[in-house]
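Single-structure report; data block below.
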Amino acid sequence: MCEEPNIRQQFLKGMSFSASTVNVVTTDGPAGRQGVTVSAMSSVSADGPCPTLLVCVHEASPAAAAVLRNGVFCVNVLREDQSSISDSFAGRLGSAGYDKFACASWTTGITGAPRVIDPLVAFDCRLSGEHRVGTHYIIIGSIAHVFLPKSGGSPLIYSNRSYARPTELAI
Ligand SMILES: Cc1cc2nc3c(=O)[nH]c(=O)nc-3n(C[C@H](O)[C@H](O)[C@H](O)COP(=O)(O)O)c2cc1C
């Protein structure tokens, strides 16, 4: 148990001061095609037999169960001009049951997971671990392929509960 009252509100407020990239986790396979927008994405390790990353997905998202069953997923790191893709996979486009994938063009990675045709970067992963914490699954992926952009670009940022773009500091 946490000792402080209102610790959840303080946690959410505190996290709003942090910043992250905006990523769409997609999967396909026996459990079907699913995807979800996440800010909770991090490198775990570049070393070992395979580099690894993690994403955290709410247990209620159909994408969580699909990733766990399909055993593959792609982390699509969005460009600064791709907030509409984020909104689609965050269920923000209004009517229930719409096709989230209709917002972009797709190709298939070597794992079979869908990849946005022109993300900033994408990590095609095989599921290598899962851990349930509270309402979320920590999903760990071993990197099978990295899609790198030919001409660079800038990430879409999520901070202060809003989208933003990075500004380089002139030091
Ligand atoms: C910028 C942004 C970041 C989000 N980050 C996460 C996250 O890290 N993990 C998560 O489970 N949901 C996250 N969400 C919420 C999910 O995208 C949203 O609840 C989900 O897509 C709802 O639809 P679903 O239940 O059909 O998956 C985020 C939403 C937005 C807009």
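Each residue of the sequence shown is one higher than the one before, starting from 1140 at the first, in this note's numbering.
Using N, Cα and C, we set each Cβ at its ideal position, and we do this for glycine too.
For a test of your reading of the model: does the CB of residue i fall under 6 Å from any non-hydrogen atom of ligand 1? Yes or no.
i	result
CYS1141	no
VAL1216	no
THR1176	yes
ALA1235	no
CYS1195	yes
SER1153	One point to set straight first is that residue 1153 is Gly, not Ser, in the sequence displayed. No, since every heavy atom of ligand 1 falls outside the 6 Å radius drawn around the Cβ of GLY1153.
VAL1255	no
GLY1171	no
ALA1303	no
SER1200	yes
Beta-carbon separation of residue i and residue j under 7 Å?
i	j	result
ARG1271	SER1281	no
VAL1214	THR1160	no
ALA1261	ARG1254	yes
ALA1229	THR1176	yes
LEU1295	TYR1302	yes
GLY1292	ARG1218	yes
ASP1167	ALA1235	no
ALA1170	ALA1205	yes
LYS1239	SER1225	no
Output the boundary residues of the beta strand (DSSP E) element that contains residue i.
i	result
SER1298	1296-1298
PHE1286	1275-1286
SER1290	Looking at the DSSP string, SER1290 is not in any beta strand (DSSP E), and its letter there is neither H nor E.
SER1159	1158-1160
If you follow the alpha helix (DSSP H) that residue i is in, where does it begin and where does it stop?
i	result
ARG1208	1201-1209
GLY1153	1146-1155
ASP1263	It is not in any alpha helix (DSSP H) - ASP1263 instead sits in the beta strand (DSSP E) that spans 1260-1272.
SER1223	1222-1228
Between residue i and ligand 3, is the CB less than 6 Å from at least one heavy atom?
i	result
ALA1204	Ligand 3 is not part of this structure, which contains only ligand 1.
Please classify residue i as buried or exposed, where buried requires at least 16 other C-beta atoms within 10 Å of its C-beta.
i	result
PHE1173	According to the sequence provided, residue 1173 is Gln. The question's Phe does not apply to it. Buried: at least 16 other Cβ atoms inside 10 Å.
THR1191	buried
LEU1259	buried
ASN1299	exposed
TYR1328	Lying before the first or after the last residue shown, residue 1328 is absent from the chain, which here runs from 1140 to 1310.
GLN1148	exposed
ASN1145	exposed
ILE1256	exposed
In chain order, what residues of the same chain have a beta carbon less than 8 Å from the beta carbon of residue i, not counting five sequence neighbours either side?
i	result
ILE1249	ASP1263, ALA1283, HIS1284
THR1247	ASP1167, PRO1253, ARG1254
SER1222	VAL1161, LEU1295, TYR1302
Less than 7 Å between C-beta atoms, sequence neighbours within five positions excluded: which residues of the same chain meet that for residue i?
i	result
HIS1275	CYS1195, VAL1196, HIS1197, GLU1198
VAL1183	THR1191, LEU1192, LEU1193, ILE1279
Which same chain residues, not among the five before or five after residue i, have their C-beta less than 6 Å away from its C-beta?
i	result
PRO1201	GLN1173
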